[in-house]
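All residue numbers for the sequence shown refer to the working numbering, where the first residue is 256 and numbers rise by one.
Where is the CB? At the ideal position from N, CA and C, for every residue including glycine.
Quick caveat, the model's predicted, so the values are computed rather than measured.
First the structure, in the form of structure tokens, and then the observations on it.
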Amino acid sequence: MNQETKTRSPLRRFMPLIIFALLVALLAVGLTLNPSLVPSPLVGKPAPEFELPVLDAPNRLSRPVRLNTPGKLSQTDLQGEITLLNVFASWCFACRQEHEAITQLSNSGIRVIGFNYKDKPEDATAWLRRFGNPYLVVAQDLDGRVGIDWGVYGAPETFVIDHNGVVRDKRIGPVDATYIQEKLMPLLQQIKSEQT
């Protein structure tokens, strides 16, 4: 053994183990965080500008949406009443999990607009035929470029947009009963009270 090996400090010998332990600790903390609580820079700001083609999907004729540009949905179409913009895709398992909740919200009279994300139109249409179409209109973001402007991480995500076109909330992950009861309904009441 040479002199350098003999005098190597214990700290230097255990440095790789210490670094590994710190990385494991950071990973453990990261796994405990709730991804649906990721803050969105859009909240409190006007909805980003966009114009997307409308999916030729099974229609909900009970409450048609008047589009400013026929066959296209834009941010101006989101103004006028409170809107839930629900990001979904046929390939998204969690979208299927939240579909009943989204349908119930739509059936209760809440304006729900679909935002089909990185999906083939024929797959999205088949998915809506199979599970039901809760959306008043469905916009197609085939390549995900508009989703980038909205800060979409993936599907499902849901945005609450007030009557002025301002994003008031963003939900990452499936809409469920807890979110509806504890966050969504109080927020909708608050927005309605601000209108008067």
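Boundaries (first-last residue) of the alpha helix (DSSP H) holding residue i
i	result
residue 448	440-450
residue 404	400-405
residue 234	Outside the displayed span of the chain (256 to 451) sits residue 234, for which this structure offers no information.
residue 394	First-last for residue 394: 393-396, but that is the beta strand (DSSP E), not the alpha helix (DSSP H).
Per DSSP, cross-strand counterpart(s) of residue i
i	result
residue 266	DSSP output for residue 266 lists no bridge partner at all.
residue 327	308, 324
Sequence-distant residues of its chain with Cβ nearer than 8 Å to residue i (five each side left out)
i	result
residue 337	365, 366, 415, 416, 417, 418, 443, 446, 447
residue 406	295, 296, 297, 425
residue 376	310, 311, 395, 397
residue 356	429, 430, 431, 432, 435
residue 268	none
residue 300	421, 422
Rounded straight-line distance, which links the Cα of residue j to that of residue i
i	j	result
residue 345	residue 388	12 Å
residue 304	residue 330	6 Å
residue 369	residue 449	25 Å
residue 398	residue 352	24 Å
residue 298	residue 425	7 Å
residue 270	residue 281	17 Å
residue 439	residue 429	13 Å
residue 373	residue 274	39 Å
residue 339	residue 279	38 Å
Residue range of the beta strand (DSSP E) that includes residue i
i	result
residue 424	422-427
residue 340	338-343
Cut-off 7 Å between Cβ atoms - residues of its own chain near residue i, not counting five sequence neighbours on either side
i	result
residue 332	320, 322, 323
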